[in-house]
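Everything below concerns the one structure shown next.
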Amino acid sequence: MDAPRPPRNRTTSPGPRSLGELYDVHLPRVHAFVARRIWDPHVVEAVTAATFARVFGTIRRDGLGEEAVGAWLYRTASGILSVRRRSVPQPGPMAHDSEPPEPAEPGEPGWIDAPDGDATAARLLAAALDRNELSRALLALSRADQRLLVLRFLDGLEPDELCATLECSRATLAYRLRRALRTLADGALREATDAA
Amino acid sequence: MRPERRAVDAHRLVGVRRRPGTRRAMPARGWDVDPAPTGSDDVEARLPRPRATAVLSPDLAALSAELAIAGARARARAAADRRAAPDPAFAWSLRALLLGTSGSATPPDAGLVPLRPSVPPPGARLFDRVAAPRWTALTAASILAFAAIGMTTPPVAPAAPQAHLVGVVGVTLTHAGHAGAARIGSPVVRDDRVSVAAGGAATLVIGPSEIRLAGGASIEIERIDPDEVAIIQRAGRAWYRVAPATAGSFTVRAATVSWTTGAAAFDLARVALGGGRERLTTVAIEGSLRFDGPDLAGSLAEGRRASVTVGDELPDIAIGDVTRVDLADPWLVENARLDAEGGRPLGIFSGLPAATNRPPTILGSAAAAVP
């Protein structure tokens, strides 16, 4: 990975210059990561900004930790994107004996119908595959396997970044990757057989 | 060897392979290891598998290569559509917001300040755009000007707090009668109106203070002066976090009622009841505030809530303690957590659990963004 890594040991808070360097290096990658999952450019910018604000705020407060900043940013962005549907409570009468406000339903005011970012990215990867049966098999995978393959092959995350994003050990990651590839290969074979 | 010790060793061993030509095991850096998952309680299951199964089989390796090529192709397509690249104006504004400096000598051309051409974005260093020789002239002129008038002028007045949007989803900013889509970093000045679409959200920073608007909310900036900040809440719900150093006083007007404080956190919801009547519900989260209106004056202490019905001849007010319903209100809890992340006092939410493990929200807190 071409992105430079921050110091591995916890340090004092970096100054604006070093934070600026981190920002310049990681902004294009994080923005692209979000843009592959969200089509609305305003939401992409909002998620990107929230990601950097959260991570940089923590760095300012606690200093740089053991984790690489790139991995940290991906995990944060991924967490924000995982809030696919968010209900904003609407103001209403708040009498003492009233119940807590009900979450808004789809289509009602207060409902944010954020797209399923992982599914969007999976479709992007599937569309770029040469073999149709492989595309169909990819889209038929479980969400977990789909997400892993997208992070690895579409986003090009390195092992450390993947481990941080998926919050698993390196060993578990290798196991899951092999299993996902095997499932995909079997699925593609089935698709090809069915088509024949 | 004790089981606990073996478990640790096994965990360390998993994912370790030997490089060709060396005797020493080195940490694996690639993708060709195939250990068992570490989630199992069985220690033996965590031990590394034989080398023969530690690499991808040829069919999976070929599949992996095929996916990698497709991924590169998809990234290239996205880049060609300019979807993946951040807008230069956005990158510049966010950088200035996060770091307090623009970081580049000149701002990007495209849409730098689409809504306010005459006002630079927050943190923009205006004189970055001036060539060095002009700096010298400007400095000399400034010295001469101050020398000429310095003894006769009063002390410089404190600057008015700057306001800008740090979180924007579905937000319209109206300036001088012209409405446009707000962007992160968009400055907000007197008489501007910020309106949030249903389902959207916005975070507006005024100096060290912060206003978070729920979907459907609309506010207007009445004044931003060193001695007073005044906001008109036209509709919807907003969380106000007023920091002490913002201005002499911070006032929010809704209908015929004003809420004033020097430092506090409170929530104000304005709801139409029909027939020209409205209900204003205010919850004092932290600190106290004063309210004024026609035949109406008093104070709201921390932990109290007020419900004012306006539109009749005289406002009707009911004041009581916050309820468990308030304390469980997701909007209030969410905002309290965002304030907690910024190290701000939580008042009635002091017992709120730490927010470190919760999923982050779309907008987050400006507290982390503002240096």
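The listed protein sequences derive, respectively, from chains Y and P. Position 114, counted from 1, in the first sequence is what this note's numbering calls 1083; the numbers after and before it change by one each time, with no gaps. Position 161, counted from 1, in the second sequence is what this note's numbering calls 1137; the numbers after and before it change by one each time, with no gaps. A virtual CB, placed ideally from N, CA and C, is assigned to each residue, including glycine.
Beta-ladder partner(s) of residue i, from DSSP
i, result
"Thr1148 (chain P)", "P:Ala1157 and P:Ser1171"
"Gln1209 (chain P)", "P:Ile1195"
"Asp1288 (chain P)", "Asp1288 (chain P) is not bridged to any residue."
"Thr1257 (chain P)", "P:Ala1245 and P:Ser1283"
"Thr1227 (chain P)", "P:Ala1206 and P:Thr1236"
"Ile1200 (chain P)", "P:Val1205"
"Asp1297 (chain P)", "P:Arg1280"
"Ala1063 (chain P)", "Going by the sequence as given, residue 1063 (chain P) is Asp instead of Ala. DSSP, once it has assigned bridges, lists no residue as partnering Asp1063 (chain P)."
"Thr1179 (chain P)", "P:Gly1143 and P:Arg1188"
"Trp1041 (chain Y)", "Answer is none; Trp1041 (chain Y) lacks a bridge partner."
Candidates the options: closest to residue i by CA position
i, options, result
"Ala1139 (chain P)", "P:Arg1169, P:Leu1180, P:Ala1174 and P:Gly1153", "P:Leu1180"
"Ala1190 (chain P)", "P:Gly1176, P:Ala1067, P:Ile1182 and P:Pro1184", "P:Gly1176"
"Arg1280 (chain P)", "P:Phe1242, P:Glu1317, P:Val1309 and P:Val1247", "P:Phe1242"
"Glu1278 (chain P)", "P:Asp1167, P:Ile1197 and P:Ile1324", "P:Ile1324"
"Ser1225 (chain P)", "P:Trp1215, P:Tyr1216, P:Arg1213 and P:Pro1202", "P:Pro1202"
"Glu1348 (chain P)", "Y:Leu996, Y:Gly1125 and Y:Gly1026", "Shown here, chain P extends from 977 to 1347; a query on residue 1348 (chain P) therefore has no answer."
"Asn1172 (chain Y)", "P:His1154, P:Ala1245, P:Glu1042 and P:Leu1074", "Absent from the structure is residue 1172 (chain Y), since the part of chain Y shown begins at 970 and ends at 1165."
"Arg1210 (chain P)", "P:Leu1039, P:Ala1230, P:Ile1197 and P:Glu1198", "P:Ala1230"
"Ala1212 (chain P)", "P:Gly1192, P:Glu1196, P:Val1228 and P:Ile1200", "Rather than Ala, the amino acid found at residue 1212 (chain P) in this sequence is Gly. Gly1212 (chain P) has its Cα closest to that of P:Gly1192, out of P:Gly1192, P:Glu1196, P:Val1228 and P:Ile1200."
"Asp1168 (chain P)", "P:Gly1319, P:Arg1246, P:Leu1322 and P:Ala1152", "P:Ala1152"
"Phe1021 (chain Y)", "Y:Arg1044, Y:Pro1010 and Y:Arg1005", "Y:Arg1044"
"Glu1254 (chain P)", "P:Arg1300, P:Val1309 and P:Asp1292", "P:Asp1292"
"Thr1258 (chain P)", "P:Gly1251, P:Ala1155, P:Gly1287 and P:Asp1297", "P:Asp1297"
"Phe1002 (chain Y)", "Y:Gln1115, Y:Leu1042 and Y:Leu1110", "Y:Leu1042"
"Asp1288 (chain P)", "P:Thr1299, P:Asp1271 and P:Ala1061", "P:Asp1271"
"Ile1160 (chain P)", "Y:Leu1158, Y:Leu1146, Y:Glu1014 and Y:Ala1149", "Y:Glu1014"
"Gly1319 (chain P)", "Y:Asp993, Y:Arg1029 and Y:Gly1156", "Y:Arg1029"
"Arg1121 (chain Y)", "P:Thr1285, P:Val1309, P:Asp1035 and P:Ala1048", "P:Ala1048"
"Gln1115 (chain Y)", "Y:Val994, Y:Thr1017 and Y:Leu1150", "Y:Leu1150"
"Leu996 (chain Y)", "P:Leu1074, P:Leu1032, P:Ala1044 and P:Leu1036", "P:Leu1074"
"Ala1044 (chain P)", "Y:Gly989, Y:Leu1094 and Y:Pro1010", "Y:Leu1094"
Cβ-based burial, residue i [other Cβ within 10 Å; buried from 16]
i, result
"Glu1186 (chain P)", "buried"
"Trp1008 (chain Y)", "exposed"
"Arg1112 (chain Y)", "exposed"
"Leu1290 (chain P)", "exposed"
"Glu1160 (chain Y)", "buried"
"Leu1249 (chain P)", "exposed"
"Arg1188 (chain P)", "buried"
"Ala1294 (chain P)", "exposed"
"Asp1302 (chain P)", "buried"
"Arg1005 (chain Y)", "buried"
"Ser1040 (chain P)", "buried"
"Glu1130 (chain Y)", "buried"
"Ser1047 (chain Y)", "buried"
"Pro1305 (chain P)", "Pro is not the amino acid found at residue 1305 (chain P); the sequence shown has Asp there. Flag for Asp1305 (chain P) reads buried."
"Glu1262 (chain P)", "buried"
"Pro1097 (chain P)", "Only weak support exists for where Pro1097 (chain P) lies, its pLDDT of 38 falling under 50; the value from the coordinates is given anyway. Buried, since its Cβ has 16 or more Cβ neighbours within 10 Å."
"Arg1166 (chain P)", "exposed"
"Arg1300 (chain P)", "exposed"
"His1154 (chain P)", "exposed"
"Ser1162 (chain P)", "buried"
"Thr1162 (chain Y)", "exposed"
"Leu1326 (chain P)", "Here residue 1326 (chain P) turns out to be Ser, not Leu, going by the sequence shown. With fewer than 16 Cβ atoms within 10 Å of its Cβ, Ser1326 (chain P) is classed as exposed."
"Gly1251 (chain P)", "exposed"
"Ala1164 (chain Y)", "exposed"
"Pro1062 (chain P)", "buried"
"Ala1038 (chain P)", "exposed"
Neighbourhood of residue i by C-beta, 7 angstroms cutoff - its chain only, sequence neighbours within 5 removed
i, result
"Pro1184 (chain P)", "Ala1219, Ala1221 and Thr1222"
"Ala1088 (chain Y)", "none"
"Ala1019 (chain Y)", "Ile1049"
"Arg1199 (chain P)", "Arg1166, Val1205 and Ala1206"
"Gly1274 (chain P)", "Phe1267"
"Ala1174 (chain P)", "Gly1191 and Gly1192"
Contact set for residue i: own chain, Cβ-Cβ below 8 angstroms, skip 5 residues either direction
i, result
"Ser1094 (chain P)", "Note that Ser1094 (chain P) scores a pLDDT of 30, beneath 50, so its modelled location is shaky and nothing firm can be said."
"Leu1098 (chain Y)", "Ser1104 and Leu1107"
"Ala1158 (chain P)", "Leu1091, Leu1141, Val1144, Val1147, Thr1148, Leu1149, Val1170 and Ala1178"
"Ala1096 (chain Y)", "Ser1104"
"Ala1090 (chain Y)", "Arg1005, Arg1006, Val1119, Leu1123 and Asp1124"
"Leu1153 (chain Y)", "Leu1103, Ala1106, Leu1107, Leu1110, Asp1114 and Leu1118"
"Glu1136 (chain Y)", "Arg1044"
beta-carbon residue i near the ligand ADP non-hydrogen atom, thresh 7 angstroms
i, result
"Ala1109 (chain Y)", "Ligands are entirely absent from the displayed structure, and the ligand ADP is therefore not among its contents."
Other residues of its chain near residue i: CB distance less than 6 angstroms, five sequence neighbours each side excluded
i, result
"Trp1215 (chain P)", "Arg1188, Asp1243 and Asn1311"
"Ala1136 (chain P)", "Ile1200, Asp1201 and Pro1202"
"Gly1006 (chain P)", "Residue placement at Gly1006 (chain P) cannot be trusted, given a pLDDT of 46 that sits under 50; what the coordinates show is reported in the next sentence. Closer than 6 angstroms at Cβ, skipping near neighbours: no residue."
Would you call the stretch 1265 to 1280 of chain P and the stretch 1305 to 1319 of chain P in contact, with 3 or more CB pairs under 8 angstroms? no
Kindly confirm or deny that the stretch 1138 to 1148 of chain Y and the stretch 1061 to 1077 of chain P touch, where touching means at least three C-beta pairs closer than 8 angstroms. no
Below 8 angstroms, can you find three or more Cβ-Cβ pairs linking the stretch 1198 to 1215 of chain P to the stretch 1225 to 1235 of chain P? yes
How do the stretch 1140 to 1149 of chain P and the stretch 1045 to 1055 of chain P stand: do at least 3 beta-carbon pairs fall below 8 angstroms, yes or no? no
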